[in-house]
Structure formats: C-alpha cells, structure tokens
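Line by line, the protein sequences give chains A and B.
Counting from 1 along the first sequence, just add 1 to a position and that's the residue number in my numbering.
Counting from 1 along the second sequence, just add 1 to a position and that's the residue number in my numbering.
One structure below.
Protein chains: 2
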Amino acid sequence: MKVIARIRTDFKEKFGIPRQSGIVAEAVGRIVFEPEYRVPEALRGIDGYSHLWLIWGFSLAEREDWSPTVRPPRLGGNKRMGVFATRSPFRPNPVGLSSVRLLGIEDTAEGKTLIVGGVDLLDGTPIYDIKPYLAFTDSHPEATGGFSDGVRDYKLSVHIPEELKGLLGSDLATVVALLEQDPRPSYKEDGEREYGMVFRDMEIFFTVLDGTLTVTGIKRK
Amino acid sequence: MKVIARIRTDFKEKFGIPRQSGIVAEAVGRIVFEPEYRVPEALRGIDGYSHLWLIWGFSLAEREDWSPTVRPPRLGGNKRMGVFATRSPFRPNPVGLSSVRLLGIEDTAEGKTLIVGGVDLLDGTPIYDIKPYLAFTDSHPEATGGFSDGVRDYKLSVHIPEELKGLLGSDLATVVALLEQDPRPSYKEDGEREYGMVFRDMEIFFTVLDGTLTVTGIKRK
Numbered sequence: 002m003k004v005i006a007r008i009r010t011d012f013k014e015k016f017g018i019p020r021q022s023g024i025v026a027e028a029v030g031r032i033v034f035e036p037e038y039r040v041p042e043a044l045r046g047i048d049g050y051s052h053l054w055l056i057w058g059f060s061l062a063e064r065e066d067w068s069p070t071v072r073p074p075r076l077g078g079n080k081r082m083g084v085f086a087t088r089s090p091f092r093p094n095p096v097g098l099s100s101v102r103l104l105g106i107e108d109t110a111e112g113k114t115l116i117v118g119g120v121d122l123l124d125g126t127p128i129y130d131i132k133p134y135l136a137f138t139d140s141h142p143e144a145t146g147g148f149s150d151g152v153r154d155y156k157l158s159v160h161i162p163e164e165l166k167g168l169l170g171s172d173l174a175t176v177v178a179l180l181e182q183d184p185r186p187s188y189k190e191d192g193e194r195e196y197g198m199v200f201r202d203m204e205i206f207f208t209v210l211d212g213t214l215t216v217t218g219i220k221r222k
Numbered sequence: 002m003k004v005i006a007r008i009r010t011d012f013k014e015k016f017g018i019p020r021q022s023g024i025v026a027e028a029v030g031r032i033v034f035e036p037e038y039r040v041p042e043a044l045r046g047i048d049g050y051s052h053l054w055l056i057w058g059f060s061l062a063e064r065e066d067w068s069p070t071v072r073p074p075r076l077g078g079n080k081r082m083g084v085f086a087t088r089s090p091f092r093p094n095p096v097g098l099s100s101v102r103l104l105g106i107e108d109t110a111e112g113k114t115l116i117v118g119g120v121d122l123l124d125g126t127p128i129y130d131i132k133p134y135l136a137f138t139d140s141h142p143e144a145t146g147g148f149s150d151g152v153r154d155y156k157l158s159v160h161i162p163e164e165l166k167g168l169l170g171s172d173l174a175t176v177v178a179l180l181e182q183d184p185r186p187s188y189k190e191d192g193e194r195e196y197g198m199v200f201r202d203m204e205i206f207f208t209v210l211d212g213t214l215t216v217t218g219i220k221r222k
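Structure, rendered in structure tokens:
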C-alpha cells in the first residue's frame with residue numbers, strides 16, 4: 002500500500018483520541034498529500050461532497066502476529082470479542098476506516114490540502130485512500146450492532162474550574178468534547194487516579210468519579 | 002496486505018456487477034476465509050451485527066501507474082473527475098470499500114463462512130479486512146455528494162418475454178434487479194446493440210431503448 006498523504010491532527014499521543022470518527026466533530030485535521038500525489042486534478046469535484054472516507058494505517062498498532070480475539074475498551078476491557086466483530090487496530094491488516102466531514106480545501110506551499118472534521122487519527126497517520134462518502138450506498142441508519150448500539154449516548158459530565166477554563170481559550174469546546182467521550186481505559190475505575198491527556202501543546206490532567214470528569218490542571222508544553 | 006478471505010459470487014465477469022454495494026440486495030456472496038484465518042474465535046460476536054464493511058482488492062483493476070482523473074460511467078463517460086472524488090477502481094491503491102448485509106454464518110468444510118447480501122464484487126475477489134458497520138459513526142444520511150446524488154433513483158424498466166422468464170426460475174428477481182441498474186457503459190446509446198451479461202451459469206442478452214431494457218435471449222453455459 003502506497004502512502005498517498007499524511008494527516009496532521011492535534012493528537013500527539015494515542016490516549017484521548019476519539020474512539021471513532023465523527024464522535025468529536027470539533028476535532029479537525031489537515032490532509033497533506035505526499036509529493037507524488039500533490040496533483041490538483043486528482044481532487045477535481047471533491048468539493049461537491051460533504052463527507053469523505055479515509056482508509057489509513059494504524060501506525061502505532063503494527064504487530065508481527067494477529068490475535069483472533071481482542072478486548073474492546075467499551076466492554077470494560079475484560080470480555081473477548083472476535084477481531085472481525087470489532088474495530089480494534091490489532092487486526093491481520095492494520096487498516097482503519099474513518100468517515101470525516103470535508104470542511105474546506107486550502108492552497109498551501111504543500112499543494113492543495115483537505116481540512117476535515119471529526120477525526121480520530123493520530124498526528125502523522127499515513128493515508129492510503131480517500132473516497133467520497135455516498136449516502137445512497139454507505140448510509141444505513143437502520144444497521145444494528147451488538148455491543149456498540151449503546152455507545153452513542155455514553156458521555157461523562159465534564160467540570161472545569163473557572164481558573165483553568167481561561168487557559169483553554171478557543172480550545173475550550175473541543176477539549177470538553179474530547180473529555181466527555183471518556184478517554185480512560187474502561188477497565189479502570191479509580192476516583193483518586195489522575196490521568197493526563199495531551200492535546201496540541203497542552204497536557205490536561207483530570208480525575209473521574211461517578212460519571213463526572215474534573216479537570217485538575219493544565220500544563221503548556 | 003494479506004488476503005484474509007475470498008468472496009464467492011455469481012459475477013464471473015466485470016460487466017453487470019452492481020456499481021456499488023447494497024444497490025442490488027438480492028446479489029448474495031459467500032466469504033470463505035483463507036486457511037490461516039479460518040479461526041472460529043475471530044468471528045465471535047459478529048452475528049450481532051446487521052451490516053459489515055468489506056475492504057477488498059480490485060483484482061481486475063491493477064495498473065502500473067495511476068491517473069489523477071477518471072471518467073465515471075454515470076456521468077456519461079466523457080467527463081473527467083478527480084480520482085479521489087470518485088469510487089473508481091483505478092486509484093493509487095486499488096482497494097474497494099463495500100457495506101454488505103450479514104445474512105448468516107454457515108459451518109462448512111472450509112470453516113465458518115459468512116453469507117452476505119448486496120454485494121458488488123467479482124467472484125474470487127480477495128478480502129483484506131472485515132469490520133462491523135457501526136451506525137453511530139458510519140451512517141450519515143444527510144451526507145451530500147456531487148454527481149452521485151441523483152443515482153439512487155435511476156433505473157431502467159425491464160421487459161422479459163414470458164417464454165424467457167421460465168428459464169430464469171428462482172433467479173428472476175435477482176436478474177431483474179441487476180438489469181434495472183443498467184449494466185451498459187453509459188457513453189453508448191444504441192438501441193440496436195445487443196449486450197450480454199454473464200450471471201452464474203447464464204449469459205443474458207438484451208437491448209435498451211428509451212429507458213426500457215428488453216431481454217432478447219438467455220443461454221445456459
């Protein structure tokens with residue numbers, strides 16, 4: 002598989018990345034094509050689409066061998082599911098699939114770049130393909146699906162003390178959206194424990210107790 | 002990319018294959034895993050899902066080089082679009098994306114196989130990945146998209162003489178659904194021309210005039 006582009010996002014570490022695309026609409030990325038694919042004609046007509054598919058590589062999840070089962074974090078991390086019944090990165094071919102919103106196309110020194118919203122990709126992730134999202138063939142609102150059916154509505158209540166809110170500035174809404182989706186590995190429940198999530202140039206510290214996440218500190222790097 | 006499975010379908014030739022997945026619900030395929038991936042545990046929980054994603058290889062579309070633009074048949078075949086604004090098989094990485102309906106799981110001499118509906122894949126197509134379809138992240142009924150928006154409702158009216166209908170037997174509904182979606186390369190409009198579509202062990206001949214497709218003959222192979 003040839004790398005056609007790389008995406009730049011504010012996620013510098015795996016911890017805290019939304020677990021699927023579209024969950025955090027505020028999470029924005031920029032797709033920069035590799036020099037060989039920096040051809041404006043290849044994007045002709047793409048501005049007519051509201052959504053795109055990205056097929057990409059789980060760059061941090063490459064393993065020598067594959068395991069037939071995985072433990073999805075949303076099941077508490079202690080129940081094994083077949084790898085083909087999950088979106089786990091640890092699969093025979095470590096390829097991810099994300100639908101993103103096309104927010105704009107910008108001319109830059111690196112050619113035309115695509116600005117996309119709702120990303121769930123680590124900064125620098127290699128992109129193998131970009132396809133238009135076609136609602137008539139790709140959208141199945143009636144699709145049902147095992148343990149993931151209840152996921153959409155799961156959210157933490159986020160509390161950020163006033164003195165810390167000021168430090169977030171225009172990132173406030175995005176950070177709240179990221180924290181609401183609960184970045185913790187689900188098998189842990191320890192109200193005393195402090196977690197740190199890296200976002201852009203910040204490390205955001207928090208604790209979680211009884212469904213409420215409280216931000217305890219913010220450090221600029 | 003490792004081939005984890007191959008799909009068996011009734012499409013032995015490229016001509017006549019539905020242009021996207023789900024368009025012809027009656028088109029059924031059987032996913033047979035390669036021996037290394039024939040592990041029942043890898044499918045644990047997959048029966049909870051109504052739809053699956055297949056990531057697969059365009060086995061007939063491999064080319065040495067890529068072209069930045071392609072001519073989609075639905076635009077009449079004479080208008081060039083950027084390859085990333087289309088689902089054309091001729092792309093830098095010849096990888097396809099199809100959502101299919103999971104109809105059943107069968108125990109066979111070749112291990113557990115998945116029966117899926119709405120396929121748009123040639124018989125023998127290599128499968129690289131199978132993922133569950135998650136409506137909360139994959140379904141965007143509101144997505145808009147350039148020239149493809151009008152495609153859903155485009156259908157030919159299909160006329161099959163009574164004496165030929167009998168030859169189709171239980172395949173009648175499937176064949177009608179395949180013909181309705183207009184297998185012709187769109188840039189041709191020649192009411193005299195006879196086309197032949199291969200489906201399973203039959204070759205089905207037809208002409209098209211003014212939006213009506215007439216079956217002119219059926220030959221068992």
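All C-beta atoms, glycine included, are put in the ideal place defined by N, C-alpha and C.
Because the structure is a prediction, the values reported are computed rather than measured.
For the pair of segments examined, the region 73-90 of chain A was found to touch the region 39-48 of chain B: the number of CB pairs separated by less than 8 Å reaches three. The alpha-carbon separation between E111(A) and L173(B) amounts to approximately 54 Å. The region 197-213 of chain A makes no contact with the region 159-175 of chain B, as fewer than three CB pairs between them are under 8 Å. Scanning the region 69-117 of chain B for uninterrupted alpha helix (DSSP H) segments of 4 residues or longer gives nothing; none is fully contained.
Interface flag for F200(A) against chain B is unset, since no Cβ pair is found closer than 9 Å. Scanning its chain for C-beta atoms nearer than 7 Å, with the 5 sequence neighbours on each side dropped, one finds around Y50(B) the residues L103, P133, Y134, in chain order. Excluding the 5 residues flanking it on each side, D11(B) has same chain C-beta neighbours closer than 6 Å at F200, R201, in chain order. DSSP lists no bridge partner for D172(A). At a Cβ-Cβ threshold of 9 Å, N79(A) and K3(B) do not count as neighbours.
Residue burial is scored here from C-beta neighbours: T109(B) has fewer than 16 other C-beta atoms within 10 angstroms and is therefore classed as exposed. Taking C-beta separations shorter than 6 Å and ignoring five residues to either side along the sequence, the partners of G105(A) in its chain run I116, following chain order.
By the beta-carbon neighbour count (other beta carbons within 10 angstroms, threshold 16), L53(A) is buried. As DSSP reads the structure, Y196(A) sits in a beta bridge with F207(A). Within the DSSP secondary-structure output, T213(B) pairs in a beta bridge with S158(B), L210(B).
Among the bridge pairs identified by DSSP, H52(A) is matched with R102(A). When Cβ-Cβ separations below 9 Å define contact, M2(A) makes contact with chain B. Within the region 94-119 of chain A, the residues whose Cβ lies closer than 7 Å to any Cβ of chain B are, in chain order, N94, V96, L98, S100.
Only exposed fits L61(B), as fewer than 16 other CB atoms lie within 10 angstroms of its CB. Within 7 Å of the CB of I18(B), no CB atom of chain A is found; the nearest one sits about 13 Å away.
A straight-line Cα-Cα distance of about 6 Å links G197(A) and E204(A). Per DSSP, D139(A) lies in no beta strand (DSSP E) segment; the continuous alpha helix (DSSP H) that holds it begins and ends at 136-139. Between the region 120-133 of chain B and the region 20-33 of chain B there are three or more C-beta pairs closer than 8 Å, enough to call the two in contact. Residues are counted here when their Cβ sits less than 9 Å from a Cβ of chain B; for the region 46-66 of chain A these are G46, I47, D48, G49, Y50, S51, H52, L53, W54, I56, given in chain order.
Taking 9 Å as the CB threshold, Q182(A) stays off the interface with chain B. Excluding the 5 residues flanking it on each side, G30(B) has same chain C-beta neighbours closer than 7 Å at I8, R9, T10, V117, V120, L122, in chain order.
For V40(A) against P69(B), the beta-carbon gap comes to about 4 Å, under 8 Å, which counts as contact.
Among the residues of chain B, those whose CB is under 7 Å from the CB of G23(A) are T138, following chain order. Between T175(B) and chain A, the shortest Cβ-Cβ separation is not below 9 Å. Annotated three-state conformation of V29(B) is strand, per DSSP. DSSP links W57(B) through a beta bridge to G97(B), I128(B). Judged by beta-carbon spacing, L214(A) lies within the 9 Å limit of L180(A), meaning their Cβ atoms are closer than that value.
Within the region 69-83 of chain B, contact with chain A at the beta-carbon level (separation under 8 Å) is assigned to P69, T70, R81, M82, G83. Nearest C-alpha to P186(A) among I24(A), F91(A), F16(A): F16(A). It is roughly 12 Å from the alpha-carbon of A178(A) to the alpha-carbon of I161(A). When CB distances to chain A are screened at a threshold of 7 Å, the residues of the region 125-136 of chain B falling below it are Y129, D130, I131, K132, P133, Y134, L135, A136, in chain order. Considering only R75(B), K13(B), V71(B), the residue with the shortest C-alpha distance to F91(B) is V71(B).
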